[in-house]
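Chains as they are written, first to last, in my numbering: chain A, 115 to 288; chain B, -7 to 170.
All remarks here apply to the structure that follows.
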């Protein structure tokens, strides 16, 4: 389509002996977010998990952001408590600590241009995990979901099973 | 005028439509976190206390018995309420004779490395080759230790029939659900 217009323009102007062309590049503010691993598991089925806590292991490039401006990445859970077999439980989601670091998807992405909040615990209300003021469009973050030792008493005296929650990441332009 | 408004409406409509198209980027995504909670019950004997030696070296010890306390002897992790049972593998075996194992008492008490409080019943027992409950907890424990005192009652009545020897048995502690 573009080449057709260019050709017709050339043929009509060629007789005059000059040609002018204006190219307008429209850049819209672009912001998108993708989660690389859609489900993450933390086991609590060994004595050591209770003595020392446990974690999901580092989820490489877990959050992939495409951004053309500064932004804040916020995190929240759909409920204040975990569910078991679809039913609400008394196990709070704020026992999960979220540890983020810059990922390696883009080697030019400099961790110095990101301020990451440490000590962020999952919550039903949105919590700011990090602020990015990088000029790189493609940015990624590794995330480790951690159950600290101090939280393990929460897992006592409750039925065994798969406790679930949904975590939502949101980017907010700055 | 109407035509102008219609045109304006169309233009605004097109603008909104195009901005929706350009603005249609994903700014949210989600991940499901699962934590699998298993039924965990673990019991461990303090590694430096695998051998418990009580010796009777004088008349007072022979007549009154002898005691030895092993601090933080048993270490427990349990996600829910539990009991600890004890059993001896045999009577106290010497080279040629035996002494009843029920002359040895097991007296549990709370150890130091206990994470937090809950209701626990402690029951001293005389050892037997049948399992007996010595500790009952009505709550789980991330990490709790128990001291155990081993007590030999007077062996005065065995002294005539049993030579000087080492008399042994193996004691097994187990953790079970209440």
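Even glycine gets a Cβ: it sits at the ideal position worked out from N, Cα and C.
Would the region 33 to 43 of chain B count as touching the region 168 to 180 of chain A if we require 3 or more Cβ pairs under 8 Å? no
Terminal residues of the beta strand (DSSP E) in which residue 114 of chain B lies: 112 to 114
Hey, quick one: how far does the beta strand (DSSP E) through residue 191 of chain A stretch, first residue to last? 185 to 191
Rounded separation between residue 206 of chain A and residue 27 of chain B - CA only: 12 Å
If you draw a straight line from the C-alpha of residue 16 of chain B to the C-alpha of residue 68 of chain B, how long is it? For residue 16 of chain B, the predicted structure reports a pLDDT of 43, less than 50, and the residue's modelled location is therefore unreliable. The matter cannot be settled from this model.
Against chain B, with Cβ distances strictly below 8 Å, would residue 270 of chain A count as a contact? yes
Between the beta-carbon of residue 235 of chain A and the beta-carbon of residue 25 of chain B, is there less than 8 Å? no
Cutoff 8 Å: residue 201 of chain A Cβ touching any chain B Cβ: no
Can you tell me the Cα-Cα spacing of residue 11 of chain B and residue 19 of chain B, whole angstroms? Low confidence applies here, because residue 11 of chain B scores a pLDDT of 36, under 50, leaving its location unreliable and the question unanswered by this model.
For residue 30 of chain B, decide whether its Cβ has a neighbour in chain A, counting only Cβ atoms nearer than 8 Å. yes
Is residue 55 of chain B buried or exposed, if buried means 16 or more other CB atoms sit within 10 Å of its CB? exposed
Is the distance from the Cβ of residue 125 of chain B to the Cβ of residue 74 of chain B below 8 Å? no
Might you give, ordered along the chain, the residues of its own chain that have their beta carbon closer than 7 Å to the beta carbon of residue 154 of chain A, omitting 5 neighbours on each side? 170, 173 and 259
Taking 7 Å as the cut-off, is the CB of residue 240 of chain A close to at least one heavy atom of the ligand HEM? This structure lacks the ligand HEM; in fact it carries no ligand of any kind.
Straight-line Cα distance separating residue 239 of chain A from residue 160 of chain A: 31 Å
Anyone know if the C-beta pair for residue 178 of chain A and residue 243 of chain A falls short of 8 Å? no
Kindly list the residues whose CB is nearer than 6 Å to the CB of residue 118 of chain A, restricted to its own chain and excluding five residues on each side of it in sequence; keep chain order. The predicted position of residue 118 of chain A is uncertain, since its pLDDT is 32 and thus under 50; a value taken from the coordinates is nonetheless stated next. So the list is empty, once near-sequence residues are dropped.
Is the Cβ of residue 131 of chain B closer than 8 Å to any Cβ of chain A? yes
Name the DSSP beta bridge partners of residue 181 of chain A, please? A/145
Rounded distance between the beta-carbons of residue 274 of chain A and residue 132 of chain B, thought under 8 Å: That pair is no contact at about 11 Å.
In three-state terms, what does DSSP make of residue 51 of chain B? helix
Would you say residue 216 of chain A and residue 255 of chain A are within 8 Å of each other, going by their C-beta atoms? yes
With which residues is residue 210 of chain A paired in a DSSP beta bridge? Beta-bridge pairing links residue 210 of chain A to no other residue.
Does the Cβ of residue 253 of chain A have 16 or more other Cβ atoms within 10 Å, making it buried, or fewer, making it exposed? buried
Between which two residues does the beta strand (DSSP E) containing residue 247 of chain A stretch? Residue 247 of chain A -> no beta strand (DSSP E), and no H or E assigned at all.
Using the Cα positions of residue 61 of chain B and residue 266 of chain A, report the straight-line distance between them to the nearest angstrom. 31 Å
Could one say the Cβ of residue 242 of chain A lies closer than 8 Å to chain B's Cβ atoms, at least one of them? no
CA-CA distance, residue 70 of chain B and residue 32 of chain B? 5 Å
Assess contact between the region 153 to 167 of chain B and the region 74 to 89 of chain B, defined as three or more Cβ pairs (one per stretch) separated by less than 8 Å. Is contact present? yes
Would you please verify whether the beta carbon of residue 27 of chain B is less than 8 Å from any beta carbon of chain A? yes
Could you tell me the distance, in whole angstroms, from the CA atom of residue 201 of chain A to the CA atom of residue 277 of chain A? 10 Å
If the cut is a Cβ gap below 7 Å, which residues of chain A does residue 34 of chain B touch? 161
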